[in-house]
Amino acid sequence: MIDFNVAPFEVVRDYDKCVNCRVCERQCSNEVHHYEEGFKKMISDSTKCVDCQRCVCLCPTKALKIIPNQNSFRPNANWQQKYLTEIYKQAETGGVLLSSMGNPEPFPVYFDKILINASQVTNPSIDPLREPMETRVFLGAKPQTVQRDADGKIKPTLSPRLKLSMPIMFSAMSYGSISYNAHAALARAAEKLGIYYNTGEGGLHKDFYKYSANTIVQVASGRFGVHKDYLEDGAAIEIKIGQGAKPGIGGHLPGAKIVGDVSKTRMIPEGSDAVSPAPHHDIYSIEDLRQLVYSIKEATEYKKPVIVKIAAVHNVAAIASGIARSGADIIAIDGFRGGTGAAPTRIRDNVGIPIELALGSVDQRLREENIRDNVSLVVAGSIRCSADVVKAICLGADAVYIGSAALVSMGCHLCRTCNLGKCNWGIATQQPDLVKRLNPDVAAERLINMLTGWNHEIQEMMGGMGINSIEALRGNRLMLRGVGLNERELQVLGIKHAGEV
Ligand code: SF4
Ligand code: SF4
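Written out as structure tokens, the structure is:
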């Protein structure tokens with residue numbers, strides 16, 4: 001049969017440097033490299049390469065590089081090569097195209113079109129090395145009024161809340177979609193940093209109950225791994241309605257990944273596909289959502305904040321307004337660039353809206369309706385650096401979730417083939433030989449280092465603006481200016497253009 005496809009990448013080996021050590025052969029789970037006895041040299045099958053960069057990083061003589069395949073179809077502004085390649089694939093398989101991680105298409109990245117203010121002359125900046133800066137954040141409903149008892153003492157009427165040392169948490173990534181060691185690293189880093197990681201919809205492995213003070217447990221439509229102890233052990237409970245990478249559809253973890261402890265933790269048989277339905281079958285309205293929120297609160301004696309997570313879609317502001325009235329304490333909104341272990345490519349690349357626009361419109365709507373303090377807002381969907389965090393907070397977020405950035409800090413090179421289960425970095429895989437490549441202690445240390453650096457940078461940016469607390473930064477749109485944005489975009493974001501006072 002003719003293979004219509006063209007390998008997207010080309011493996012280039014510098015034979016002057018290659019010493020035939022065969023490290024690349026051992027490191028590549030896609031069997032790209034092998035030693036050819038006849039030629040007495042290493043050769044490569046580029047058609048299998050997914051550009052994960054593992055062999056490049058581990059080659060002791062730096063003899064390898066992976067480059068985009070120079071062989072191209074005849075250029076066509078309409079029929080780009082990727083469309084032809086995808087049609088060939090579907091013509092062979094008849095299946096839905098699957099991808100992983102976030103939307104890679106060239107839609108505008110609004111964070112890159114927003115600039116941050118700094119103080120000059122009249123309003124002094126603050127030196128974060130010499131003056132206190134408050135990056136702690138409390139997530140949950142804020143009291144509207146101060147209530148006092150008969151003796152005039154303030155009544156402690158605070159609703160349950162999460163306390164974060166910095167406005168960043170690790171977003172939901174299930175055990176199953178990522179490995180045991182990746183989960184262990186997230187849990188350890190969250191504990192050390194004083195933040196939270198999130199189980200995703202895969203349940204909580206018994207070994208990780210000891211991190212419960214820093215764990216957010218998720219209740220998704222499949223209810224995998226959800227039971228009383230699970231709910232009681234989480235510091236907060238997140239109801240997942242939607243996910244940025246695949247709004248409107250459920251989750252799917254292939255049976256091949258439902259092995260051993262993954263199957264036990266999810267409470268489903270080994271080898272069976274874990275397919276969570278598109279909707280929660282008991283939620284068809286905000287009233288239904290309210291019932292689930294209060295069922296969970298009742299089951300956990302009103303001690304835990306409840307988060308409702310949705311994907312950023314066209315009417316996100318109206319939906320958030322309903323959620324803010326449902327009794328939820330925190331709304332998490334995931335933008336269309338949010339990562340995933342597996343999603344249909346067409347959905348990932350064409351459904352949803354950017355998180356910056358969603359956040360701008362939700363925050364403004366909740367303020368207009370005077371219910372902004374009923375809930376905290378946590379946003380996700382390709383937060384790449386500390387400046388994105390600061391911009392998100394200025395646009396109205398209380399905190400952000402990071403997923404892809406966390407995986408990248410552990411070694412992920414965004415090859416976007418997590419769905420194949422052969423992650424060479426030991427992250428998105430359940431193959432024991434690959435899982436052990438990720439040392440959870442080293443990975444936790446890298447996560448801690450990255451976020452320690454981000455937290456310093458956040459303090460420097462805040463200090464530059466003359467602001468000394470996240471609370472004073474939240475929704476402070478005066479600190480932002482747009483560049484190259486049209487009137488409509490500026491209006492949705494709620495910011496002025498650069499050069500405007
Ligand atoms: S798949 Fe990864 S390890 Fe294998 S050849 Fe390509 S870059 Fe190297
Ligand atoms: S987690 Fe692994 S498979 Fe997924 S994008 Fe990153 S390197 Fe690739």
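With the numbering used here applied, the sequence shown covers 1 to 501.
Glycine residues also receive a C-beta, built at the ideal position from the N, C-alpha and C atoms.
How many angstroms separate the CA atom of residue i from the CA atom of residue j?
i	j	result
Val-502	Asn-198	Examination of residue 502 is not possible in this model, given that the chain is present from 1 through 501 alone.
Glu-36	Asp-45	12 Å
Ile-467	Ser-409	29 Å
Tyr-15	Ala-63	7 Å
Ala-380	Ala-399	9 Å
Ala-187	His-456	22 Å
Asn-30	Thr-452	35 Å
Glu-500	Cys-394	17 Å
Leu-164	Thr-429	30 Å
Lys-391	Leu-480	7 Å
Met-1	Glu-92	10 Å
Lys-297	Val-56	50 Å
Glu-201	Ser-263	13 Å
Leu-231	Phe-336	28 Å
Leu-253	Ala-342	8 Å
Glu-471	Lys-257	42 Å
Lys-112	Leu-434	Reading the sequence as shown, one finds Asp at residue 112 and not Lys. The straight-line gap from Cα to Cα measures roughly 36 Å.
Gln-364	Lys-496	15 Å
Asp-441	Leu-447	10 Å
Can you tell which of the options has its C-alpha closest to the C-alpha of residue i?
i	options	result
Ile-310	Ala-245, Gly-360, Ile-296	Ala-245
Leu-97	Glu-86, Pro-106, Phe-107	Glu-86
Asn-419	Tyr-180, Thr-345, Leu-289, Gln-459	Thr-345
Gly-421	Ile-178, Arg-130, Phe-111	Ile-178
Glu-504	Met-42, Thr-145, Ile-168, Leu-193	Outside the modelled stretch of the chain, which goes from 1 to 501, sits residue 504, for which no answer is possible.
Ile-355	Phe-208, Ser-221, Phe-107	Phe-107
Ile-383	His-33, Thr-47, His-34, Tyr-110	Tyr-110
Val-308	Thr-300, Glu-301, Asp-334	Asp-334
Asp-233	Asn-78, Pro-128, Thr-215, Met-169	Thr-215
Asn-449	Ala-190, Gly-339, Ala-213, Pro-279	Ala-190
Pro-68	Lys-41, Pro-440, Ala-472, Glu-10	Glu-10
Gly-352	Asp-363, Gln-364, Val-362, Gly-338	Gly-338
Val-389	Ile-114, Tyr-211, Trp-79	Ile-114
Leu-473	Asn-117, Ala-77, Pro-75	Asn-117
Excluding five sequence neighbours on each side, which residues of the same chain lie with their C-beta closer than 7 Å to the C-beta of residue i?
i	result
Gly-140	Ser-159, Pro-160, Arg-161, Leu-162, Pro-305, Asp-329, Ile-330, Ser-376
Ser-72	Gln-81
Ala-324	Ile-331, Leu-366, Ile-371, Asn-374, Val-375
Cys-59	Val-23, Cys-24
Is residue i helix, strand or coil when you go by DSSP?
i	result
Glu-238	strand
Ile-323	helix
His-456	helix
Trp-311	As written in the sequence, residue 311 is Ala, which differs from the Trp given in the question. Reduced to three states, the DSSP call for Ala-311 is strand.
Gly-463	helix
Tyr-15	coil
Thr-93	helix
His-497	strand
Tyr-196	coil
Val-219	strand
Leu-395	coil
Ala-245	coil
Tyr-180	helix
Arg-437	coil
Met-479	helix
Val-375	coil
Pro-432	helix
Val-137	strand
Leu-115	strand
Tyr-175	strand
Ala-332	strand
Leu-473	helix
Leu-164	strand
Phe-208	helix
Ile-154	strand
Leu-420	helix
Ala-380	strand
Tyr-401	strand
Leu-98	strand
Ser-408	Here residue 408 is Val; the residue named in the question, Ser, does not match the sequence. Looking at Val-408 - three-state DSSP - the assignment turns out to be helix.
With a threshold of 7 Å, establish whether the CB of residue i neighbours any heavy atom of ligand 3.
i	result
Gln-431	Ligands in the displayed structure: ligand 1 and ligand 2; ligand 3 is not one of them.
For residue i, I'd like the list of residues in its chain whose CB is within less than 8 Å of its CB, leaving aside the five on either flank, ordered along the chain.
i	result
His-205	Tyr-175, Tyr-180, His-183, Asp-261, Thr-265
Val-259	Glu-270, Gly-271, Gln-430
Who are the Cβ neighbours of residue i in its own chain at under 6 Å, not counting the five residues just before and after it?
i	result
Cys-52	His-413, Cys-415, Asn-424
Ala-443	Ala-185, Met-410
His-34	Glu-25
Pro-143	Thr-157
Query raised in the report: Which runs of the alpha helix (DSSP H) spanning at least 4 residues fall entirely within the region 251-288, listed in chain order?
Result: 260-266
Query raised in the report: Which runs of the beta strand (DSSP E) spanning at least 3 residues fall entirely within the region 28-76, listed in chain order?
Result: 33-36, 41-44, 64-68
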